[in-house]
Every structure is written in C-alpha cells, then in structure tokens.
Amino acid sequence: DGGITQSPKYLFRKEGQNVTLSCEQNLNHDAMYWYRQDPGQGLRLIYYSQIVNDFQKGDIAEGYSVSREKKESFPLTVTSAQKNPTAFYLCASRDYSSNQPQHFGDGTRLSIL
Amino acid sequence: DQQVKQNSPSLSVQEGRISILNCDYTNSMFDYFLWYKKYPAEGPTFLISISSIKDKNEDGRFTVFLNKSAKHLSLHIVPSQPGDSAVYFCAASVLIQGAQKLVFGQGTRLTINP
Chain A
738 DGGITQSPKY
748 LFRKEGQNVT
758 LSCEQNLNHD
768 AMYWYRQDPG
778 QGLRLIYYSQ
788 IVNDFQKGDI
798 AEGYSVSREK
808 KESFPLTVTS
818 AQKNPTAFYL
828 CASRDYSSNQ
838 PQHFGDGTRL
848 SIL
Chain B
115 DQQVKQNSPS
125 LSVQEGRISI
135 LNCDYTNSMF
145 DYFLWYKKYP
155 AEGPTFLISI
165 SSIKDKNEDG
175 RFTVFLNKSA
185 KHLSLHIVPS
195 QPGDSAVYFC
205 AASVLIQGAQ
215 KLVFGQGTRL
225 TINP
C-alpha cells in the first residue's frame, strides 16, 4: 500500500541537541515538503524539494536543514539554532506531473525537554 | 502577513444540517485552492479543490465555492455527519519556479452534534 511514513510519531530531545525526523514515501513522487504546525495555526512550509539533490527554503527555514539523496527520502534535521522547536512536523509529497494534491504523512510530534 | 485566513476557529453544527466553512485570501496570484481535513495526531487528508477559473466544484456531500472578486471561498458540507468532526484547513496554491507552494489558513474546528 503506497504512502508516506514519518517516524517516530513522538520524539523527545534535550535542549541544544540536533534531532533528525524521518520521511519516506513509496508513491514515486518527485516533490517532497516539510511543514510545521503549531497550536491554532496553519501549516507553515519549512523546506521543499522537487528532485533528488535539490531543495529550496520555505517560509521558516531558519534552524532547520534537509537532504534529498534519494527520491523516496527527505529527512529533516532540527538544529540547536531553532529557537522554538517544539511542534508537530508534517511531511508531504506530490507527483507534480499529474497535478495531484499534496499527500501528507501522519506527522511527528517533537518535544524539547 | 497572513495571506490565507480562516476567521472562525470553531464551528458547531447539528447532524443533518449544512456546515459552511469560510476562507479569505489576499494574493491574486493564487491559482488553485484546496480543502484538507485533519484529525488529531494525523496528517491532513485532501478533501476537494477548485481551480481559479471555476466558481464551483462539487464532490458528493462537499461543494466548494470560489468568489474571485471577493477573494473568498467556502466549503459546504450537506448533510453534515458525525464523522465530519475534524479541523478543516483551507490552502491556496501558487507555482514558484515550477514548484507548487501551498499557503494554509489557521484551520476551523468543526463539531457535528448528534
């Protein structure tokens, strides 16, 4: 069954540590995205990637980094430079050649202790 | 600068009645609009969309209306069912160098009462 897998579902880290969130898709989609959701707010775009080895900053990229070494994988690293990292993180993918909507994973809730 | 706004944080509707969720936007460059439904601790799921060249799109119980002159869109759900209780996000799409960028509203929590 095709889909997007985000792991883990819940993640706890100490302040000052970098942490990497996993996102894997088997939909053969070219484009992948990372969003952040805070309580009472909409999703805000962190980074996106249209093809392997290429990615672009979104609206709130500061304190985050990504890589796209494989088509199916788009990991997000939350660095210690991110001032307020506690949030719900969502990964999405899209097959832009077919004009389909973005398809989301079930998210990772990151809590900084 | 909030380019997409959902001014009602919550809405409560009786089962069987119509639910109307509203969304306003400011950027005339948006060419496509989408509604997503989200349950707690899950990712959003796509519900329905509309191109900027249309003013209405219908899919079963769900209809989206677009008023370009007012920069306003709405989602109608009729009849409303208990399973429709969720947070609904409006999103607007713009292409930037070939990449689709979605801008989301803050969401409206819909509660369907039996």
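These protein sequence lines map, in sequence, to chains A and B.
Numbering-wise, the first sequence is residues 738 to 850 according to our numbering.
Numbering-wise, the second sequence is residues 115 to 228 according to our numbering.
Backbone N, C-alpha and C define an ideal beta-carbon position, used for all residues, glycine too.
Problem - aspartate 843 of chain A - DSSP class collapsed to helix/strand/coil - result: Aspartate 843 of chain A: coil per DSSP, three-state reduction.
Exercise for the section: Going by CA-CA distance only, name the one from A/Ser817, A/Arg773 and A/Ser759 that's closest to serine 804 of chain A. Expected result: A/Ser759
Problem - threonine 823 of chain A: first and last residue of the uninterrupted beta strand (DSSP E) it sits in - result: Threonine 823 of chain A -> no beta strand (DSSP E), and no H or E assigned at all.
Practice task
Compare the C-beta of alanine 206 of chain B with all C-beta atoms of chain A and state if any pair is closer than 7 angstroms.
Solution key: no
Practice task
Leaving aside the five residues before and after isoleucine 132 of chain B along the sequence, list all residues of the same chain whose C-beta is less than 8 angstroms from its C-beta, in chain order.
Solution key: His190, Ile191, Val192, Pro193 and Ser194
Handout entry: Positions along the stretch 169–181 of chain B whose CB lies within less than 7 angstroms of some CB in chain A
Key = Result list empty, no residue passes.
Problem - tyrosine 153 of chain B - DSSP class collapsed to helix/strand/coil - result: In the displayed model, tyrosine 153 of chain B falls within coil according to three-state DSSP, outside both helix and strand.
Exercise for the section: Could you tell me which of A/Ser830, A/Asp796, A/Asn763 and A/Asp791 sits nearest to arginine 773 of chain A, measuring between CA atoms? Expected result: A/Asp796
Exercise for the section: For proline 158 of chain B, decide whether its Cβ has a neighbour in chain A, counting only Cβ atoms nearer than 7 angstroms. Expected result: yes
Exercise for the section: Determine the direct distance from the alpha carbon of isoleucine 167 of chain B to that of valine 118 of chain B, and round the result to whole angstroms. Expected result: When rounded, the separation of the alpha-carbon atoms in valine 118 of chain B and isoleucine 167 of chain B is 19 angstroms.
Handout entry: Partner residues on chain B for proline 812 of chain A, Cβ-Cβ distance less than 7 angstroms
Key = Within chain B, no residue comes near proline 812 of chain A; the closest Cβ sits about 17 angstroms away, beyond 7 angstroms.
Practice task
Would you tell me roughly how many angstroms separate the C-alpha atoms of asparagine 136 of chain B and glutamine 743 of chain A, rounded to the nearest one?
Solution key: 31 angstroms
Exercise for the section: With a 10 Å radius around its C-beta and 16 neighbouring C-beta atoms as the bar for buried, classify phenylalanine 218 of chain B as buried or exposed. Expected result: buried
Handout entry: Cβ neighbour criterion (16 or more within 10 Å) applied to threonine 840 of chain A
Key = Checking the sequence, you will find histidine at residue 840 of chain A rather than threonine. Buried, because 16 or more other Cβ atoms sit within 10 Å of the Cβ of histidine 840 of chain A.
Practice task
Express the C-alpha separation of lysine 185 of chain B and glutamine 787 of chain A in angstroms, rounding to a whole number.
Solution key: 29 angstroms
Handout entry: Closer than 8 angstroms at the beta carbon, the chain B residues around aspartate 791 of chain A
Key = Within 8 angstroms Cβ-Cβ: nothing; aspartate 791 of chain A doesn't reach chain B, min ~10 angstroms.
Exercise for the section: Indicate the three-state DSSP secondary structure (helix, strand or coil) for valine 835 of chain A in the structure shown. Expected result: This sequence places serine at residue 835 of chain A; valine is not what is there. Here serine 835 of chain A sits in helix by DSSP.
Exercise for the section: Compute the Euclidean distance between the alpha carbons of tyrosine 747 of chain A and tyrosine 826 of chain A, then round it to the nearest angstrom. Expected result: 10 angstroms
Problem - phenylalanine 749 of chain A, buried or exposed, once every other Cβ within 10 Å from all chains shown has been counted against 16 - result: exposed
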